[in-house]
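From first to last, the protein sequence lines stand for chains A and B.
Per my numbering, residue 183 is the first one in the first sequence, and the count goes up by one each step.
Per my numbering, residue 183 is the first one in the second sequence, and the count goes up by one each step.
Heads up: the structure comes next, in structure tokens.
Protein chains: 2
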Amino acid sequence: MTRAMVLGLEAVLADGTVISSMNKMIKNNSGYDLKQLFIGTEGTLGIVCKCVLQLQPKLSDTQTAIVGLKSYDQVVELLNLLKSDLAQGLTAFELMWHDYYHKILQLLPDLRNPIDTTEPFYLLLEYRSNDQTNGKELFESTLARHMETGLIENAAIAQNGRDAEAFWNIREGVSELLQIYAIRSNQDVSMPIASIGEFASELENDLMLSFPNIEIFLFGHIGDSNIHIIASNKSEDDCAKITKLIMQKVQQYEGSISAEHGIGILKKAYLDYSRTEAEIQLMKTLKSALDPKNILNPGRVF
Amino acid sequence: MTRAMVLGLEAVLADGTVISSMNKMIKNNSGYDLKQLFIGTEGTLGIVCKCVLQLQPKLSDTQTAIVGLKSYDQVVELLNLLKSDLAQGLTAFELMWHDYYHKILQLLPDLRNPIDTTEPFYLLLEYRSNDQTNGKELFESTLARHMETGLIENAAIAQNGRDAEAFWNIREGVSELLQIYAIRSNQDVSMPIASIGEFASELENDLMLSFPNIEIFLFGHIGDSNIHIIASNKSEDDCAKITKLIMQKVQQYEGSISAEHGIGILKKAYLDYSRTEAEIQLMKTLKSALDPKNILNPGRVF
Numbered sequence: 183m184t185r186a187m188v189l190g191l192e193a194v195l196a197d198g199t200v201i202s203s204m205n206k207m208i209k210n211n212s213g214y215d216l217k218q219l220f221i222g223t224e225g226t227l228g229i230v231c232k233c234v235l236q237l238q239p240k241l242s243d244t245q246t247a248i249v250g251l252k253s254y255d256q257v258v259e260l261l262n263l264l265k266s267d268l269a270q271g272l273t274a275f276e277l278m279w280h281d282y283y284h285k286i287l288q289l290l291p292d293l294r295n296p297i298d299t300t301e302p303f304y305l306l307l308e309y310r311s312n313d314q315t316n317g318k319e320l321f322e323s324t325l326a327r328h329m330e331t332g333l334i335e336n337a338a339i340a341q342n343g344r345d346a347e348a349f350w351n352i353r354e355g356v357s358e359l360l361q362i363y364a365i366r367s368n369q370d371v372s373m374p375i376a377s378i379g380e381f382a383s384e385l386e387n388d389l390m391l392s393f394p395n396i397e398i399f400l401f402g403h404i405g406d407s408n409i410h411i412i413a414s415n416k417s418e419d420d421c422a423k424i425t426k427l428i429m430q431k432v433q434q435y436e437g438s439i440s441a442e443h444g445i446g447i448l449k450k451a452y453l454d455y456s457r458t459e460a461e462i463q464l465m466k467t468l469k470s471a472l473d474p475k476n477i478l479n480p481g482r483v484f
Numbered sequence: 183m184t185r186a187m188v189l190g191l192e193a194v195l196a197d198g199t200v201i202s203s204m205n206k207m208i209k210n211n212s213g214y215d216l217k218q219l220f221i222g223t224e225g226t227l228g229i230v231c232k233c234v235l236q237l238q239p240k241l242s243d244t245q246t247a248i249v250g251l252k253s254y255d256q257v258v259e260l261l262n263l264l265k266s267d268l269a270q271g272l273t274a275f276e277l278m279w280h281d282y283y284h285k286i287l288q289l290l291p292d293l294r295n296p297i298d299t300t301e302p303f304y305l306l307l308e309y310r311s312n313d314q315t316n317g318k319e320l321f322e323s324t325l326a327r328h329m330e331t332g333l334i335e336n337a338a339i340a341q342n343g344r345d346a347e348a349f350w351n352i353r354e355g356v357s358e359l360l361q362i363y364a365i366r367s368n369q370d371v372s373m374p375i376a377s378i379g380e381f382a383s384e385l386e387n388d389l390m391l392s393f394p395n396i397e398i399f400l401f402g403h404i405g406d407s408n409i410h411i412i413a414s415n416k417s418e419d420d421c422a423k424i425t426k427l428i429m430q431k432v433q434q435y436e437g438s439i440s441a442e443h444g445i446g447i448l449k450k451a452y453l454d455y456s457r458t459e460a461e462i463q464l465m466k467t468l469k470s471a472l473d474p475k476n477i478l479n480p481g482r483v484f
């Protein structure tokens, strides 16, 4: 999360006051942590002009794989095991549902499926360390162990940087997909990790019942509770209805209507699907206290 | 940092409103991140009643060492190298200055110095992973490499859990020290990691010039920018003067007068040593907006 990397910042308030909180310390408990007022508030409480980011050393060894799994529950089981096996070295856990994965392979003929079976779920995994001697061995032996127990159905490990790039191109093929389906509802939402599988199946069923010709593509940063939904139908009008149905399903699963991209204008009408009336009232209290004339990015968020 | 582990919480506002933000998602950008108002604000904006914490799997392998170094600059160089060599597996980087270390060994005769030389700086290191096969080897070979280059002067690696406990007992001997020196200034402060060494030398010099019989003990979680200072002299009156001198030195180095324990009542008079007038004014704006009758933990922080 970007928030966790921001140590300090400088922001200008609505009345022109410059709040310089350019903290460089990891630990600082001298009064309120004011930077939190400006991170993720979409410019509605102040304008961020500078920031201090905590950097991490670049690690020299990267291992990449695509693995196939039979069920979402197995995806979650594998996530928990890998967080333990690979500790903080697990740097990508990108889930692609069958229809997304094969649509990308069809759209981008230069890409091929690195595993020779068809599975309901494909997972792009990355492990980083600075231990070039043992990194590859640890990653390979870990995946082999989970294949022996039957948790992983099939796996392909990148043998070089070119393989790894080709694996990532499947995941990043989303930009091609968005060009093909210009009329669509494109949502990034989140919910507790264990619920995402059931949410996704129910959502697909509900959408297909209401919109018989709909095409639905799902992928997500599952380790971050996140799922992206691209759903295309014939008209913009359909897409507005699709968006509403997605948001209702997110509400039912106590999820967040925006995992990554904020509320802005487009999701404003749905804010109360994810936040209580008391929470929204508190946001408004903050807004009035800091920007009484409502001049900072007015009309956004609520 | 605890803040980074809190996913959600429930808090009661001054007017009795219950703000339930029991978020369970890693990524959630649906409006303002309200939990940040209540973390570290010492009960002045609301009373936290519940919280959701993100847990991490316990790792099975722990490697522990005490190493001796010749200078603070070498400590920082080693920190940067180990963050790269051991990545996120570096779970402790506890620096003990010579006088602290040897005072603890003298106070607690069951403990012994595991390295056979006397050094200006002693560092307690811990590395955790789930890789029992390679964990020990990686840790040992990493330390050996930094000894060969002369960065580390001397090192002792715990061979079993009993050794590791004995190493930690030196660091944790601080509780004994605080019992012996009941009259003292006991401060936890932070500043940019690279400045801590110079800050500490200057502070020791300044304190010894002003208080000829003073005893000063320094240790800190250097990876978190933190240094603890225990300075004892004859009277409470002396200790108040010592605290003021420490706070002035922190201000001079653009540090934080409280790394971990907050402001409360004891550090209130020094808040403006670490925060600007505009920042303190913004804290007061928040306080007035959320607690206009000033009934929540009044008199704390500012």
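C-beta: ideal position from N, C-alpha, C; glycine also.
Model, not experiment: these values are computed from the prediction.
Might you give, ordered along the chain, the residues of its own chain that have their beta carbon closer than 7 Å to the beta carbon of residue i, omitting 5 neighbours on each side?
i, result
"GLU418/A", "ILE365"
"PHE399/A", "ASP281, TYR282, LYS285, LEU359, ILE412"
"CYS421/A", "ILE365, ARG366, SER367, ASN415"
"ILE164/B", "In the structure displayed, chain B extends from 183 to 484; residue 164/B sits before or after that span and is not available."
"ILE297/B", "ILE248, GLY250, ASN336, ALA337, ALA338"
"GLU386/B", "ILE398"
"MET329/A", "ALA337"
Can you round the beta-carbon distance between residue i and residue j to whole angstroms, since I take them to be within the 8 Å contact cut?
i, j, result
"VAL371/A", "ILE409/A", "6 Å"
"VAL234/A", "PHE220/A", "About 13 Å separates the two Cβ atoms, so there is no contact after all."
"THR324/A", "ASP267/A", "5 Å"
"SER456/A", "SER212/B", "4 Å"
"MET278/A", "TYR214/B", "Between TYR214/B and MET278/A the Cβ distance is about 32 Å, and since that is not below 8 Å, they are no contact."
"LEU287/A", "ARG294/A", "7 Å"
"ASN342/A", "LEU241/A", "About 17 Å; that fails the 8 Å criterion."
"LEU472/A", "ALA196/A", "6 Å"
"ILE439/A", "VAL432/A", "5 Å"
If you run the structure through DSSP and keep just helix, strand and coil, what is residue i?
i, result
"VAL258/B", "helix"
"ASP370/A", "strand"
"GLN361/B", "helix"
"LYS232/A", "strand"
"GLU436/B", "coil"
"ASP197/A", "coil"
"GLU501/A", "There is simply no residue 501/A to check, as chain A begins at 183 and stops at 484 in what is shown."
"SER202/A", "strand"
"GLN245/A", "strand"
"GLY481/B", "coil"
"GLU224/B", "coil"
"GLY379/A", "helix"
"LEU191/B", "strand"
"LEU251/B", "strand"
"LEU237/B", "coil"
"ASN210/A", "coil"
"ASN476/B", "coil"
Only counting the same chain, and skipping five residues up and downstream in sequence, which positions put a Cβ closer than 8 Å to that of residue i?
i, result
"LYS252/B", "GLU301, PRO302, PHE303, GLU335"
"ARG482/A", "GLU224, GLY225, THR226, ILE445, GLY446, ILE447, LYS450"
"ILE208/A", "LEU189, GLN236"
Checking contacts by CB at 8 Å: is residue i closer than that to chain A?
i, result
"GLN270/B", "yes"
"GLY143/B", "Since the first residue shown for chain B is 183 and the last is 484, residue 143/B is missing from the structure and cannot be characterised."
"VAL356/B", "no"
"LEU489/B", "The question about residue 489/B has no answer here: the residues shown for chain B are numbered 183 through 484."
"HIS443/B", "yes"
"TYR304/B", "no"
"PRO291/B", "no"
"ASP388/B", "no"
"ASN211/B", "yes"
Please go through the same chain and pick out, in chain order, the residues whose beta-carbon is closer than 6 Å to the beta-carbon of residue i, but skip the five residues on each side of it.
i, result
"THR273/B", "GLU308, ARG310"
"GLN369/A", "ILE411, ILE428"
"PRO394/A", "none"
For residue i and chain B, any beta-carbon pair shorter than 8 Å?
i, result
"SER372/A", "yes"
"ILE208/A", "yes"
"ASP197/A", "no"
"PHE275/A", "no"
"GLN433/A", "no"
"GLU461/A", "yes"
"ASP281/A", "no"
"ALA186/A", "yes"
"ILE288/A", "Per the sequence shown, residue 288/A should be read as Gln rather than Ile. Not closer than 8 Å to any Cβ of chain B, the Cβ of GLN288/A fails to qualify, so no."
"ILE411/A", "no"
Within the region 261-346 of chain A, note down every full alpha helix (DSSP H) run reaching 4 residues or more, in order along the chain.
With a minimum length of 4 residues, the continuous alpha helix (DSSP H) runs that stay inside the region 261-346 of chain A are 280-289, 317-330.
Please give the ranges of any alpha helix (DSSP H) in the region 391-456 of chain A, keeping only runs that are unbroken, at least 4 residues long and fully inside the region.
Taken in chain order, the whole alpha helix (DSSP H) runs of length 4 or more contained in the region 391-456 of chain A are 418-434, 453-456.
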